[in-house]
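Numbering (the working numbering), first residue to last: 2 to 957. Quick notes on the structure that follows.
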């Protein structure tokens with residue numbers, strides 16, 4: 002066993018003792034002989050005379066002082082380095098200053114932090130994406146797919162299913178299912194199942210979105226540590242991926258927009274060539290054909306998914322089969338490799354799925370990018386922002402051009418919805434059978450009817466017919482719902498939703514379509530129009546005033562009933578909405594044809610409590626309006642009078658219109674004029690005429706509208722949204738017609754359609770006539786819009802022939818007409834599109850009578866405009882020719898059958914052929930209960946159009 006080394010102090014003490022024990026030895030001590038002064042320190046003179054032990058101690062003290070001085074110098078150097086730190090531009094530069102043994106650990110930490118930052122950027126982008134989905138009110142695609150799945154219930158059970166109060170998988174002994182008895186009509190189990198799945202999908206989505214927010218906040222802590230150097234790199238990668246996705250999206254938008262406006266024959270030719278190429282490449286018919294997203298065939302595949310499924314065609318890239326697992330990559334190996342708990346292993350596991358998805362999307366986008374480059378070759382180079390701007394503009398423009406009448410197909414048909422209409426059909430048939438046996442008194446006010454809960458006695462034959470319908474339709478199977486909104490429509494709707502606080506989509510005057518205008522301009526223009534004709538009132542004042550007017554009107558109606566001026570049934574109809582507190586709404590239409598652009602006020606009073614009074618006055622004043630000699634209902638009335646008209650020599654054609662008729666009418670002058678005409682017309686029934694005048698006064702006193710939660714009382718003019726306003730304006734200006742014709746006896750013809758007038762009088766009397774027009778009332782200002790040998794009036798272009806002095810005419814089309822016919826892709830029944838072609842053909846035939854060349858020209862223009870709206874040009878031409886043939890070959894009118902309707906909401910999933918076949922199968926039972934010929938037709942209701950869907954978005 003080794004002994005420990007002696008301490009230095011013990012050695013010094015031993016040497017000192019030995020020196021003291023031998024003081025007279027002749028040779029010096031080795032320590033004394035080796036003693037020299039330390040560097041920089043002088044050796045004291047007395048040190049040589051000291052004993053050796055003291056000299057050794059002194060040497061040690063001096064050595065310690067030198068070491069202290071060296072340490073002080075090192076401290077000064079370190080202090081200077083601390084005060085002026087070195088700036089590092091790269092973490093790798095700092096790594097060299099550390100201990101080499103720590104460098105591998107620091108490198109691993111840096112790698113972990115970089116991965117954490119990458120996850121921070123990825124999770125932050127996901128958080129933003131999920132937030133946009135939540136704001137738009139939509140579901141994530143995964144949850145949306147889950148919510149639309151249906152359950153395979155038998156059709157017979159679905160038609161007879163009853164709603165349960167509670168649903169439990171197991172029932173205890175003695176327990177049974179309880180059904181809801183407060184629900185009228187059959188229970189739609191499919192709709193309830195879809196609603197439940199959607200509710201669960203929304204809950205799952207809220208769960209995922211909430212924890213995604215927490216996940217993004219978790220990685221934000223790691224990101225702050227390496228934010229300066231690594232964050233720009235991660236963001237650069239994310240921006241590149243985002244730009245690549247946006248570029249593919251814009252290319253797809255541009256391609257679909259081009260196909261929309263392209264000729265149908267050209268698209269068909271391109272699609273046939275693409276399909277022929279795919280068929281040549283494929284070896285078997287069962288293999289799936291994949292077409293690029295920007296091709297012509299892709300456009301048809303998206304529009305007609307049934308045909309695509311039939312021919313096994315899909316859009317996009319093929320989904321590659323998973324590769325075989327390499328040797329040794331079993332679960333145990335994965336378990337060992339994933340046993341580390343560092344941030345790096347967690348980051349790689351979190352990001353592996355997204356990396357695979359990014360690789361797949363990058364691989365699938367190559368084909369679409371290559372196709373787009375080939376297609377755009379030779380058309381100029383546009384990169385980056387230029388393409389994105391064009392794509393967004395096309396999205397907004399294309400979706401906007403559909404118009405407010407476009408209907409999106411969103412409601413699917415079901416057996417429960419079909420069976421609901423059977424009860425309504427039975428009631429209408431039983432009512433008709435009942436009144437077919439009882440003679441009815443003639444009713445004059447057909448629109449003034451109250452809804453009644455009275456039910457006719459059930460006829461056994463009709464009941465049997467209804468029972469057979471239910472049995473047949475219980476196995477009703479709807480078709481697959483084909484949505485008529487493509488990517489461009491969704492992009493346009495999303496853009497409008499994102500900018501809903503800045504813009505509004507407003508319909509234009511003169512049927513010029515819709516316009517996108519700034520929301521602040523709409524608000525300012527609405528307030529300007531309201532302040533010109535009304536004043537603001539509080540809601541309490543409105544309620545008090547409405548209550549007083551209701552009491553007065555109710556008392557007046559009771560007196561009229563007692564006096565025999567009105568029946569009890571009509572009085573009850575006028576009072577039917579007295580319990581309502583609804584007020585009219587206010588909006589405007591943009592006058593794009595005016596400079597500067599202004600708005601036309603629109604007051605919708607159809608939901609107000611006094612709306613039944615307006616309906617009654619419209620019916621009561623209709624006979625009076627038909628007796629006015631100078632009032633025409635349409636251009637057809639004018640054509641009938643111009644066919645045999647011969648204009649005297651020296652006479653010319655003139656057209657006039659009133660400037661802002663409805664807002665300009667003075668209510669006091671209107672009441673005095675209308676009272677005189679009403680009392681004159683009903684001179685044989687003075688009490689009825691006096692009642693009509695009083696009711697008109699009541700109606701003008703209750704013009705209240707609401708805008709931005711404020712209520713305005715209109716005190717001048719006539720509301721443009723009131724049903725009786727058209728009749729009021731026509732009767733008001735009918736007095737002016739009599740006044741003008743009486744003063745100007747040289748007027749050969751004066752015909753007026755509301756505020757537009759057509760006249761024939763001597764050409765040299767133009768100034769005199771214009772002066773006479775504007776002396777009736779200062780608020781009614783007439784302006785001359787045309788004069789000479791050719792003028793335009795309504796939809797007619799009138800020309801005075803110099804030879805025989807007759808008037809020839811053809812269709813007039815305004816230069817700013819946008820021809821926004823109902824889009825063919827709208828969810829309307831085929832009969833609507835057929836009626837559009839037939840109705841326009843009849844109008845063109847009427848307005849181009851005895852002018853075959855003009856008729857053919859306008860028909861060709863009509864077909865071209867229809868083609869731009871998605872119609873088949875040849876089909877429209879064939880239908881128009883059939884209509885012309887029927888118009889030219891007049892046949893004796895056949896007696897039309899009495900019609901009963903089986904109403905259904907139209908959708909692409911509605912199986913029309915099945916319903917029609919069932920209705921006709923047992924039609925003989927219905928016919929046996931009537932003496933005249935009857936027939937049951939399938940009629941349709943329409944889903945909400947764009948105007949109704951976006952009304953609250955634009956005006957609230």
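Quick reminder that beta carbons are idealized off the backbone N, C-alpha and C, glycines included.
**Asked** Could you check where the beta strand (DSSP E) with residue 290 kicks off and where it finishes?
**Response** As a position in the chain shown, residue 290 is number 289, starting the count at 1. 290-292 is the extent of the beta strand (DSSP E) around residue 290.
**Item:** Exposed unless 16 or more other CB atoms sit within 10 angstroms - verdict on residue 512
**Value:** Numbered from its first residue, the chain shown carries residue 512 at position 511. Per the 10 Å Cβ criterion, exposed.
**Message:** Closest to residue 777 by C-alpha separation, out of 766, 747 and 734, would be which residue?
**Reply:** Against the chain shown, residue 777 aligns to sequence position 776. It is 734.
**Message:** Using 7 angstroms as the threshold, is the C-beta distance between residue 903 and residue 422 below it?
**Reply:** As a first step, residue 903 is located in the chain shown; it is residue number 902 there, counting from the start. As a first step, residue 422 is located in the chain shown; it is residue number 421 there, counting from the start. Yes.
**Asked** Below 7 angstroms between beta carbons: does that hold for residue 405 and residue 555?
**Response** What you label residue 405 is simply residue 404 of the chain shown in a count that begins at 1. What you label residue 555 is simply residue 554 of the chain shown in a count that begins at 1. Their beta carbons are not under 7 angstroms apart, which means residue 405 does not touch residue 555 by this criterion.
**Request:** Can you tell me which of the three DSSP states residue 507 falls into?
**Result:** For the purposes of this step, residue 507 is identified with residue 506 of the chain shown, where counting begins at 1. Note: residue 507 maps to strand in three-state DSSP.
**Asked** Just the Cα atoms here: how many angstroms apart are residue 172 and residue 153?
**Response** Sequence index remark: in the chain shown, residue 172 carries index 171 (1-based). Sequence index remark: in the chain shown, residue 153 carries index 152 (1-based). Distance between the alpha carbons of residue 172 and residue 153 is about 23 angstroms.
**Item:** Beta-carbon gap between residue 720 and residue 534 smaller than 7 angstroms
**Value:** As a first step, residue 720 is located in the chain shown; it is residue number 719 there, counting from the start. As a first step, residue 534 is located in the chain shown; it is residue number 533 there, counting from the start. The answer is no: Cβ separation not under 7 angstroms.
**Asked** Quick check: the stretch 451-468 against the stretch 938-951, are there 3 or more CB pairs under 8 angstroms?
**Response** no
**Item:** Neighbour-count burial assignment, residue 812, 16 or more Cβ in a 10 Å radius
**Value:** Position 811 of the chain shown, counted from the first residue, corresponds to residue 812. That one is buried.
**Message:** Contact defined as beta carbons within less than 8 angstroms: I believe residue 824 pairs with residue 907. What is the distance between those atoms, to the nearest angstrom?
**Reply:** On the chain shown, position 823 is the one that residue 824 refers to. On the chain shown, position 906 is the one that residue 907 refers to. Actually they do not touch by this definition, with Cβ atoms about 15 angstroms apart.
**Asked** Would the beta-carbon of residue 712 fall within 7 angstroms of that of residue 588?
**Response** Position 711 of the chain shown, counted from the start, is the residue given in the question as residue 712. Position 587 of the chain shown, counted from the start, is the residue given in the question as residue 588. Taking 7 angstroms as the Cβ cut-off, residue 712 and residue 588 do not qualify as a contacting pair.
**Request:** Determine the burial state of residue 947: buried for a count of at least 16 other Cβ atoms within 10 Å of its Cβ, exposed for fewer.
**Result:** In the chain shown, counting from the first residue as 1, residue 947 sits at position 946. Buried, since its Cβ has 16 or more Cβ neighbours within 10 Å.
**Exposed unless 16 or more other CB atoms sit within 10 angstroms - verdict on residue 611** = By one-based count along the chain shown, residue 611 stands at place 610. Buried, because 16 or more other Cβ atoms sit within 10 Å of the Cβ of residue 611.
**Prompt:** Exposed or buried, what is residue 783 when buried is set at 16 or more other beta-carbons lying within 10 Å of its beta-carbon?
**Reply:** Here the question's residue 783 lines up with position 782 in the chain shown. Result: buried.
**Asked** Do the CB positions of residue 752 and residue 666 come within less than 7 angstroms of each other?
**Response** Stepping through the chain shown from its first residue, residue 752 is reached at position 751. Stepping through the chain shown from its first residue, residue 666 is reached at position 665. The answer is no: Cβ separation not under 7 angstroms.
**Request:** Out of 702, 525, 506 and 408, point me to the one whose CA is closest to residue 549's CA.
**Result:** Your numbering for residue 549 matches position 548 in the chain shown. For residue 549, the nearest C-alpha among the options comes from 702.
**Message:** Quick check on DSSP: helix, strand or coil for residue 839?
**Reply:** Taking the first residue of the chain shown as 1, we reach residue 839 at position 838. In the structure shown, residue 839 sits in a helix (DSSP, three-state: H, G or I).
**Request:** Have a look at the DSSP bridge pairing and note the partners of residue 939.
**Result:** Start at 1 with the first residue of the chain shown, and residue 939 comes out as number 938. 903.
**Request:** Could you tell me which of 868, 483, 792 and 187 sits nearest to residue 656, measuring between CA atoms?
**Result:** Translated into positions along the chain shown, residue 656 becomes position 655. Looking at the Cα atoms, 792 is the closest of the given residues.
**Prompt:** If you draw a straight line from the C-alpha of residue 669 to the C-alpha of residue 582, how long is it?
**Reply:** Within the chain shown, numbered from 1, the residue matching residue 669 stands at position 668. Within the chain shown, numbered from 1, the residue matching residue 582 stands at position 581. So the two alpha carbons sit approximately 27 angstroms from each other.
**Reduced DSSP secondary structure (H/G/I, E/B, other) of residue 752** = In the chain shown, residue 752 corresponds to position 751, counting from 1. In this structure, residue 752 counts as strand in the three-state DSSP scheme.
**Prompt:** Using a Cβ-Cβ cut-off of 8 angstroms (strictly less than) and excluding sequence neighbours within five positions of residue 140, which residues of its own chain qualify?
**Reply:** As a position in the chain shown, residue 140 is number 139, starting the count at 1. Correct list, in chain order: 134, 148, 199, 202, 203 and 206.
**Asked** Is residue 154 helix, strand or coil when you go by DSSP?
**Response** The residue given as residue 154 occupies position 153 in the chain shown. Coil, per DSSP.
**Message:** Taking the alpha carbon of residue 810 as the reference point, which residue from 889, 636, 448 and 691 has its own alpha carbon closest?
**Reply:** To locate residue 810, count along the chain shown from 1; it is residue 809. Among 889, 636, 448 and 691, the Cα nearest to that of residue 810 is on 636.
**Request:** Report whether the distance from the Cβ of residue 437 to the nearest heavy atom of the ligand PLP is below 6 angstroms.
**Result:** With respect to the ligand PLP, the structure offers nothing, as it holds no ligand at all.
**Proximity winner among 804, 801 and 736, relative to residue 781 (alpha-carbon distances)** = Numbered from its first residue, the chain shown carries residue 781 at position 780. The shortest Cα separation from residue 781 among 804, 801 and 736 belongs to 736.
**Request:** Just the C-alpha distance for residue 527 and residue 299, rounded to the nearest angstrom, thanks.
**Result:** Counting from one through the chain shown, the residue named residue 527 turns up at place 526. Counting from one through the chain shown, the residue named residue 299 turns up at place 298. C-alpha separation (whole angstroms): 45 angstroms.
**Prompt:** Is it true that the CB of residue 888 sits closer than 7 angstroms to the CB of residue 725?
**Reply:** The residue you call residue 725 lines up with position 724 of the chain shown. The residue you call residue 888 lines up with position 887 of the chain shown. In this structure, residue 888 does not lie closer than 7 angstroms to residue 725 by Cβ.
**Message:** Measuring only the C-alpha atoms, how far is residue 344 from residue 120?
**Reply:** The count along the chain shown starts at 1 and reaches residue 344 at position 343. The count along the chain shown starts at 1 and reaches residue 120 at position 119. Any reading at residue 344 must be qualified, since the residue scores a pLDDT of 33, below 50, and its modelled position is unreliable; the value itself is stated next. Rounded to whole angstroms, residue 344 to residue 120 spans 11 angstroms at the Cα level.
**Item:** Close-in-space but distant-in-sequence residues of the same chain around residue 457 (CB under 6 angstroms, 5 per side omitted)
**Value:** Here residue 457 is taken as the residue at index 456 of the chain shown, counted from 1. Once the five neighbours on either side are set aside, the close Cβ partners of residue 457 are 431, 432 and 435.
**Prompt:** Nearest CA to the CA of residue 673: which residue from 861, 915 and 697?
**Reply:** Residue numbering aside, residue 673 sits at position 672 when the chain shown is read from its first letter. Checking every option, the nearest Cα to that of residue 673 belongs to 697.
**Cβ separation of residue 700 and residue 801, assumed to be a contact under 8 angstroms, to the nearest whole Å** = In the chain shown, the residue the question calls residue 700 occupies position 699. In the chain shown, the residue the question calls residue 801 occupies position 800. Actually they are not in contact, since the Cβ atoms of residue 700 and residue 801 sit about 43 angstroms apart, beyond 8 angstroms.
**Asked** Tell me, which residues are paired with residue 708 by DSSP?
**Response** Counting from one through the chain shown, the residue named residue 708 turns up at place 707. Its beta-bridge partners are 711.
**Asked** Nearest to residue 160 by alpha carbon, out of 677, 477, 412 and 193?
**Response** The sequence position of residue 160 within the chain shown is 159, counting from 1. Measuring from the Cα of residue 160, the nearest candidate turns out to be 477.
**Request:** Identify, in the order they occur along the chain, each residue of the same chain with its Cβ nearer than 6 angstroms to the Cβ of residue 916, setting aside the five sequence neighbours on each side.
**Result:** Locating residue 916 in the chain shown gives position 915, where the first residue counts as 1. Excluding sequence neighbours, residue 916 sits near 939.
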